[in-house]
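Step one of this worksheet: look at the structure below.
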Amino acid sequence: MLAINATLLLVFVLIWLTVILLKKLFFDPLQQIRAKREGLLAEDKKAWERARRETEALAQKIEAELKKARQEALAQKQHLEAEALQARSELLARMQAEYRQQVAQAREEIAQVTKELKQQLEGEVEALAAKIEERLLN
Numbered sequence: 000m001l002a003i004n005a006t007l008l009l010v011f012v013l014i015w016l017t018v019i020l021l022k023k024l025f026f027d028p029l030q031q032i033r034a035k036r037e038g039l040l041a042e043d044k045k046a047w048e049r050a051r052r053e054t055e056a057l058a059q060k061i062e063a064e065l066k067k068a069r070q071e072a073l074a075q076k077q078h079l080e081a082e083a084l085q086a087r088s089e090l091l092a093r094m095q096a097e098y099r100q101q102v103a104q105a106r107e108e109i110a111q112v113t114k115e116l117k118q119q120l121e122g123e124v125e126a127l128a129a130k131i132e133e134r135l136l137n
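Letter 59 of the sequence shown, counting from 1, is numbered 58 in numbering that gives the first Met the number 0, and no numbers are missing.
Right, dumping it as structure tokens:
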């Protein structure tokens, strides 16, 4: 049978002392470092998730603002185009009225000049007819 002697007890005590010392000097600090690291990783993951959510919310807000700005720009463009078309129509109407007035005035002037020239020619025709008659009779 096995006999328990002092060497066995000494080895047993030394092994337990080594285990206790390793636990106190190596394993406990290592566990603390691991726990601290896991805590930091968890905090970093939470911070990353929070930043991701904030970034997504900000991106959605920016997209909404861009959409609103595009709609406002389109509405303003349509409004300006409508105003420009109306101004163009008004300008064309004024120009047509002015041109009609100028054409009417030019027709009146032409009619007046034609009338004056006819009267002048009638007077000259009578004078020429009188001269021709005088020459023929002489």
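A virtual CB, placed ideally from N, CA and C, is assigned to each residue, including glycine.
Quick check on DSSP: helix, strand or coil for Ile3?
Coil, per DSSP.
Tell me where the alpha helix (DSSP H) around Leu24 begins and ends.
Taken as a continuous stretch (DSSP letters only), Leu24 belongs to no alpha helix (DSSP H), as it is neither H nor E.
What is the rounded straight-line gap between the Cα of Ala72 and the Cα of Gln100?
Straight-line Cα distance between these residues: approximately 41 Å.
Rounded to a whole number of angstroms, what is the C-alpha to C-alpha distance between Ala103 and Gln95?
One Cα belongs to Ala103, the other to Gln95, and the distance between them is close to 12 Å.
Straight-line CA distance for Ile14 to Ile32?
Rounded to the nearest angstrom, the two C-alpha atoms are 25 Å apart.
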